[in-house]
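Heads up, the thing below is written out as structure tokens.
2 protein chains.
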Amino acid sequence: MINRKVIKYQKYKTNRSFLSKLYVILNDNTYNDIIHWNNEGSKIIIINITRLCDVVLRKFYKHNNYSSFVRQLNIYGFHRSQGIIKDGVCFEHEYFNKKTTKEQINQIIMKDKKKKIFIGLF
Amino acid sequence: MINRKVIKYQKYKTNRSFLSKLYVILNDNTYNDIIHWNNEGSKIIIINITRLCDVVLRKFYKHNNYSSFVRQLNIYGFHRSQGIIKDGVCFEHEYFNKKTTKEQINQIIMKDKKKKIFIGLF
DNA sequence: GGTTCTAGAACC
DNA sequence: GGTTCTAGAACC
């Protein structure tokens with residue numbers, strides 16, 4: 007009974023994590039003109055920073071600060087990358103792409119807070 | 007004769023400095039829907055980051071990286087600030103406002119490169 | 001002196 | 001675990 011609660015809680019948490027939300031955003035065509043996968047599904051392209059802040063960040067992350075979004079990308083191990091010319095800002099991650107499963111996403115850990123995670127619930 | 011050359015060179019340089027360009031941008035109505043002074047002329051409001059990158063940064067700073075722009079603001083001593091609600095990103099500087107003269111702008115020095123400036127031409 | 005990308009650190 | 005603002009450091 008306790009285990010079931012823990013699992014439920016973990017699922018609840020992970021669906022609301024930075025990466026899970028990012029995955030939802032990227033696979034929602036609604037935001038295709040703001041942020042999307044590159045053709046190969048290997049990189050993230052931010053087309054419109056202004057609308058990313060006003061629409062996407064406000065809705066999913068409850069803020070509208072582009073710098074905070076980039077900080078989170080870095081904390082989770084994303085790197086700036088080169089997209090197609092005239093495209094927007096491009097980021098990529100070794101283990102985060104269009105084919106990554108939800109389970110795999112939940113296995114990606116933060117860069118500078120590893121300790122806290124290992125002594126935490128998991 | 008040498009002095010005149012030096013003065014000419016300094017004028018040439020300062021007109022192309024980060025702050026001088028920023029002052030030009032802020033006082034050009036062309037970019038009013040992208041970046042402008044607040045009503046009091048005391049703070050900088052960035053309305054549209056996307057167009058700031060695509061139009062203003064490309065033209066004046068030969069790049070289109072918002073993070074680089076913010077880095078420069080910090081190096082010159084600007085601080086994030088609060089604008090009117092629903093406004094964009096807001097920055098302010100103790101000595102940089104709408105009434106600042108070109109001469110005063112040229113007296114503002116960089117934060118972490120002070121040494122280099124003091125052993126330089128001036 | 002400017003550009004780029006990422007990290008520090010305090011706060012929540 | 002996320003948010004915020006600013007700084008480090010390497011490169012140009």
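Listed in order, the protein sequences are those of chains X and B.
With our numbering as the guide, the letters of the first sequence map in order to residues 7 to 128.
With our numbering as the guide, the letters of the second sequence map in order to residues 7 to 128.
Glycine residues also receive a C-beta, built at the ideal position from the N, C-alpha and C atoms.
In this text, all values refer to a predicted model and were calculated from it rather than measured experimentally.
Over what stretch of residues does the beta strand (DSSP E) that includes residue i continue unbroken?
{"i": "residue 86(X)", "result": "85–87"}
Determine the chain B residues that contact residue i at a beta-carbon separation under 8 Å, and present them in chain order.
{"i": "residue 73(X)", "result": "73, 76"}
Which bits of chain X does residue i rub up against, with CB to CB less than 8 Å?
{"i": "residue 55(B)", "result": "55, 56, 59, 72"}
What span of residues does the alpha helix (DSSP H) with residue i cover, start to end?
{"i": "residue 65(X)", "result": "Run containing residue 65(X): none; DSSP gives neither H nor E here."}
{"i": "residue 92(X)", "result": "First-last for residue 92(X): undefined, no H or E at that position."}
{"i": "residue 112(X)", "result": "108–113"}
{"i": "residue 82(B)", "result": "Unbroken run through residue 82(B): none, as it is neither H nor E."}
Can you list, in chain order, the residues of its chain with a C-beta nearer than 6 Å to that of residue i? Leave out the 5 residues immediately preceding and following it.
{"i": "residue 126(X)", "result": "With a pLDDT of 37 at residue 126(X), under the threshold of 50, the predicted position of this residue should be treated as unreliable, and no value is reported."}
{"i": "residue 103(X)", "result": "47, 48"}
{"i": "residue 79(X)", "result": "97"}
{"i": "residue 117(X)", "result": "81, 83"}
{"i": "residue 57(X)", "result": "40"}
Excluding sequence positions up to five away, which residues of its chain have a Cβ less than 8 Å from the Cβ of residue i?
{"i": "residue 71(B)", "result": "59, 63"}
{"i": "residue 26(X)", "result": "20, 108, 111, 112"}
{"i": "residue 85(B)", "result": "97, 98, 99"}
{"i": "residue 55(B)", "result": "72, 94, 95"}
{"i": "residue 69(B)", "result": "63"}
{"i": "residue 61(X)", "result": "37, 40"}
{"i": "residue 53(X)", "result": "39, 40, 41, 42, 93, 94"}
Going by beta carbon distance, what residues of the same chain come within less than 7 Å of residue i, once the five residues before and after it are set aside?
{"i": "residue 28(B)", "result": "none"}
Name the DSSP beta bridge partners of residue i, please?
{"i": "residue 51(B)", "result": "42(B), 96(B)"}
{"i": "residue 102(B)", "result": "99(B)"}
Distance, Cα to Cα, residue i vs residue j?
{"i": "residue 30(X)", "j": "residue 87(B)", "result": "32 Å"}
{"i": "residue 74(X)", "j": "residue 106(B)", "result": "31 Å"}
{"i": "residue 91(X)", "j": "residue 76(X)", "result": "21 Å"}
{"i": "residue 33(X)", "j": "residue 22(B)", "result": "43 Å"}
{"i": "residue 44(X)", "j": "residue 38(X)", "result": "11 Å"}
{"i": "residue 67(X)", "j": "residue 24(X)", "result": "8 Å"}
{"i": "residue 89(X)", "j": "residue 51(X)", "result": "7 Å"}
{"i": "residue 42(X)", "j": "residue 65(X)", "result": "16 Å"}
{"i": "residue 35(X)", "j": "residue 101(B)", "result": "46 Å"}
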